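Colleague: Quick note on our numbering: the sequence shown kicks off at 2 and runs consecutively. Virtual Cβ for every residue (Gly too), placed ideally from N, Cα, C. As the structure is a computational prediction, the values presented were derived from the model and not from experiment. Below you will find the structure I want to go over with you.
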Amino acid sequence: MLMARCTSVVRAVLYIIFQCIGAITGAALLYVSTITGLVPSSFVGSLGNTGLNSAVSGGQGFGIEFFITFVLVLTVFGACDDRRSDVKGSVPLAIGLSITACHLFA
């Protein structure tokens, strides 16, 4: 959003900082849940792990990531555009459905 001049530099920096805090908090919760035995030991090595299936090449994985990122960014910019008057409904719902569809596609 900063590159498209839709937000200020201060707001973008704060957004990045809070995203990092959220990621660290999530990782800490995952760590605590694995060492306390809340998660079965058979899941401990693969929780939060993302990777390519053995049938998918690196180039195909890059193409899939490129496509779903394009769809997400297009949805965010289309739904959040203040200059459009034809946008009706819930913007978070549109973005959430876009993320769901991309996850199901990938």
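Are three or more beta carbon pairs between the segment 64 to 79 and the segment 93 to 101 nearer than 8 Å?
Modeller: yes
Colleague: Go ahead and pull the three-state DSSP assignment for Ser91.
Modeller: Indexing the sequence shown from 1 puts residue 91 at position 90. Secondary structure at Ser91: coil, using DSSP grouped into helix, strand and coil.
Colleague: Between the Cα of Leu73 and those of Phe106, Thr8, Gln61 and Arg85, spot the shortest distance and give me the residue it belongs to.
Modeller: For the purposes of this step, residue 73 is taken as residue 72 along the sequence shown, with counting starting at 1. Nearest option by C-alpha distance: Phe106.
Colleague: Just how far apart, CA to CA, sit Gly90 and Cys7?
Modeller: As a first step, residue 90 is located in the sequence shown; it is residue number 89 there, counting from the start. As a first step, residue 7 is located in the sequence shown; it is residue number 6 there, counting from the start. Rounded to the nearest angstrom, the two C-alpha atoms are 21 Å apart.
Colleague: To which residues of the same chain is Cys103 closer than 7 Å at the C-beta, ignoring the five residues directly before and after it?
Modeller: For this step, residue 103 is matched to residue 102 along the sequence shown. Result list for Cys103: Ile69, Val72 and Leu73, in chain order.
Colleague: Under the three-state reduction of DSSP, which class applies to Arg6: helix, strand or coil?
Modeller: For this step, residue 6 is matched to residue 5 along the sequence shown. Coil.
Colleague: Whose C-alpha, out of Gly64, Ile65 and Pro93, is nearest the C-alpha of Phe78?
Modeller: The residue given as residue 78 occupies position 77 in the sequence shown. It is Pro93.
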